[in-house]
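Input: a single structure, listed below in structure tokens.
Protein chains in written order, with the numbering used here: chain Z, 53 to 150; chain C, 1099 to 1608.
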């Protein structure tokens, strides 16, 4: 029998305005993966999807905006109840129109 | 255990925090160094990128605090308890989520300078960023290593990730990376990654090892000295067999395919130079490719602080030179763990203990130096590390797996065709190619593609041109003024603190 992770509490977060219930105590990257979304950032030149790369804060592929802070490494940051997460398109500075 | 009690960042009156020793990195080496230095009577400040101590090897979280997916968990629990005890007693200050971007050494004798001590500069906090500085008499750099990646067609697809990333999802978050996983690359690390995924319920379609690790048998001396590790590998292989996971040797994943996410990979048999054997390609369905070709020491902070580095066995990576006390060529600056060369967690703990002890002595505490038994054990473990390097090389045949539209530099999205165009324009070395085509000029600062770009350029150089190792992968590629991306607001805060006199030791170039 596979050694399945036991049932665990969830927290509510918002991702691009949609409410998600994700496993408590997981990284934001793990929350995306566990929710069936392996890719969440879109690159600025080729508009390609990117997700988890190195998983340890080196490659900067997994960046998201968290509660207004841009460029947060999803692989290093744990989800917290009520987090407002916005996926990043292009440079992540679309709101500034630069 | 609930959330880890990281100490509050910042100091009550602003300005730098003062401590005896700064330890950068809280993995096996950093935690060991911090605990030993604290035991010796030092005040220790630990700055670490993670939310909890443990590093990547002992990455854990509230949902994985049972050690289910870990190795050496009992040892870690002991170390973590000691660490927490010193933290509660105020001897260790643990600054979680801190990205150290620069270490200023004390001015040399006769040179004028504001501070006779080291100043460690960090971006404080990933969610809300600030600036933090610590002034100390000794620094232990224990920043570990990251996985070597080879660019292949499709490697930027979501679902393709470092083997360590797949393992970190399990160890840190108790989340399984996908349903059908291929684990590929080279090195003994692939085995525990595959075992963990299979145990957690993923279907591991194959472990694809590019080398022929029977090479162990041709290294009897190394083998005899590393006997403890062989049952470990055999145990992993037995568990893979139990989960019916095929292990392919002298094979590699040479391409990844999908439409916005990974759907399948192409596996090919390799010749000894790592060219794909024609006709050997086949396709495996997979939603995750967990891949890694060994590890690269993370030495940027050491290089920029002036510590002497040496080229690794591949000629395209660097490790720090350290003496018997783990001291670098800069007095008071110590390197421990993977920063001195890849050797594994046991060696990292040992080097951390030696460095912590020596750092305490550097601060004036009466501590006897590490005895000869520790030195011998360290040598044996280092020989094992060298053995692994010898049987898991990365020959340049992989550069032929790429096509013109393969993205080589992920940050700047530079394709192979653009790299080669720069070479054809006359850029004869990786450094000139970087200036013309921008590989390595993005967020990751060339950590992910740097060694790969150097290998590609070296392979494409016109016949008769001399090798340019000095330029293809110069020491400057790993010694930058800023070892981490720093938001302008954080730089501004650092400069402001310096202008108001709070920050005597800010880097001059800020």
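The beta-carbon is built from N, C-alpha and C at its ideal position, and this holds for glycine as well.
It should be emphasised that the depicted structure is a prediction, and the values quoted were computed from it without experimental measurement.
**Message:** Would residue 1130(C) and residue 1177(C) be called neighbours here (beta carbons separated by less than 8 Å)?
**Reply:** yes
**Prompt:** Does DSSP put residue 1278(C) in a helix, in a strand, or in coil?
**Reply:** strand
**Asked** Taking Cβ-Cβ distances shorter than 7 Å, what residues in chain C pair up with residue 95(Z)?
**Response** 1511
**Request:** Counting only the same chain and skipping the five closest in sequence on each side, list residues whose C-beta sits under 6 Å from that of residue 1157(C).
**Result:** 1266, 1269 and 1270
**Asked** Sorted by chain position, which residues of the same chain lie with C-beta nearer than 8 Å to residue 1152(C)'s C-beta, five sequence neighbours on each side aside?
**Response** 1124, 1125, 1129, 1158, 1174 and 1178
**Asked** Since residue 1498(C) and residue 1373(C) are thought to touch, with beta carbons under 8 Å apart, how far apart are those beta carbons, to the nearest angstrom?
**Response** 6 Å
**Request:** Mind listing the chain Z neighbours of residue 1398(C)? Cutoff is C-beta to C-beta under 9 Å, in chain order.
**Result:** None at all; the shortest Cβ gap to chain Z is about 11 Å.
**Three-way DSSP call (helix, strand, coil) for residue 1259(C) in this model** = strand
**Request:** For residue 1539(C), go through chain Z and note every residue whose CB falls closer than 7 Å to its CB, in chain order.
**Result:** What residue 1539(C) touches in chain Z: nothing, since even the nearest Cβ is about 13 Å away.
**Prompt:** From the DSSP output, which residues share a beta bridge with residue 1355(C)?
**Reply:** 1362(C)
**Asked** Taking 7 Å as the line, does the beta carbon of residue 1240(C) fall inside it for any heavy atom of the ligand SAM?
**Response** Within the structure as shown, the ligand SAM is missing, as the structure has no ligands at all.
**Prompt:** Among the residues of its own chain, which have a CB less than 7 Å from the CB of residue 143(Z), if the five just before and after it don't count?
**Reply:** 96
**Request:** Following the continuous alpha helix (DSSP H) through residue 1459(C), name the residue where it begins and the one where it ends.
**Result:** 1443-1460
**Message:** Do residue 114(Z) and residue 1546(C) count as a contact pair if the criterion is CB distance below 8 Å?
**Reply:** no
**Request:** Show which residues of chain C have a CB atom less than 7 Å away from the CB atom of residue 85(Z).
**Result:** 1267, 1273 and 1275
**Request:** Consult DSSP for residue 1155(C) and reduce its assignment to one of helix, strand or coil.
**Result:** coil
**Request:** Give me whichever residues DSSP pairs with residue 73(Z) in a beta bridge.
**Result:** 64(Z)
**Message:** According to DSSP, is residue 1401(C) part of a helix, a strand, or is it coil?
**Reply:** helix
**Item:** Where residue 118(Z) meets chain C, residues with beta-carbon distance less than 7 Å
**Value:** 1225
**Asked** Does the beta carbon of residue 1(Z) come closer than 8 Å to any beta carbon on chain C?
**Response** Residue 1(Z) lies beyond the range of chain Z shown here (53 to 150); nothing can be said about it.
**Prompt:** Could you give the residue range of the alpha helix (DSSP H) that holds residue 1372(C)?
**Reply:** From DSSP, residue 1372(C) is part of no alpha helix (DSSP H); its letter is neither H nor E.
**Asked** Mapping DSSP to helix, strand and coil, what is residue 1394(C)?
**Response** strand
**Exposed unless 16 or more other CB atoms sit within 10 angstroms - verdict on residue 1598(C)** = exposed
**Item:** At least three beta-carbon pairs within less than 8 Å, the region 1163-1173 of chain C to the region 1183-1202 of chain C
**Value:** no
**Prompt:** Can you give the Cα-Cα distance for residue 1391(C) and residue 1244(C), rounded to whole angstroms?
**Reply:** 10 Å
**Request:** Between the Cα of residue 1216(C) and those of 1432(C), 1554(C) and 1295(C), spot the shortest distance and give me the residue it belongs to.
**Result:** 1432(C)
**Request:** Return yes when the Cβ of residue 1549(C) is within less than 8 Å of the Cβ of residue 1394(C), no when it is not.
**Result:** yes
**Prompt:** Is it buried or exposed for residue 1247(C), if we count other Cβ within 10 angstroms and need 16 for buried?
**Reply:** buried
**Beta-carbon proximity of residue 1409(C) to residue 1441(C), cut-off 8 Å** = no
**Asked** Distance, Cα to Cα, residue 65(Z) vs residue 1225(C)?
**Response** 15 Å
**Request:** Output the distance between the C-alpha atoms of residue 1671(C) and residue 1421(C), rounded to the nearest integer angstrom.
**Result:** What is shown of chain C runs 1099 to 1608, which leaves residue 1671(C) out entirely.
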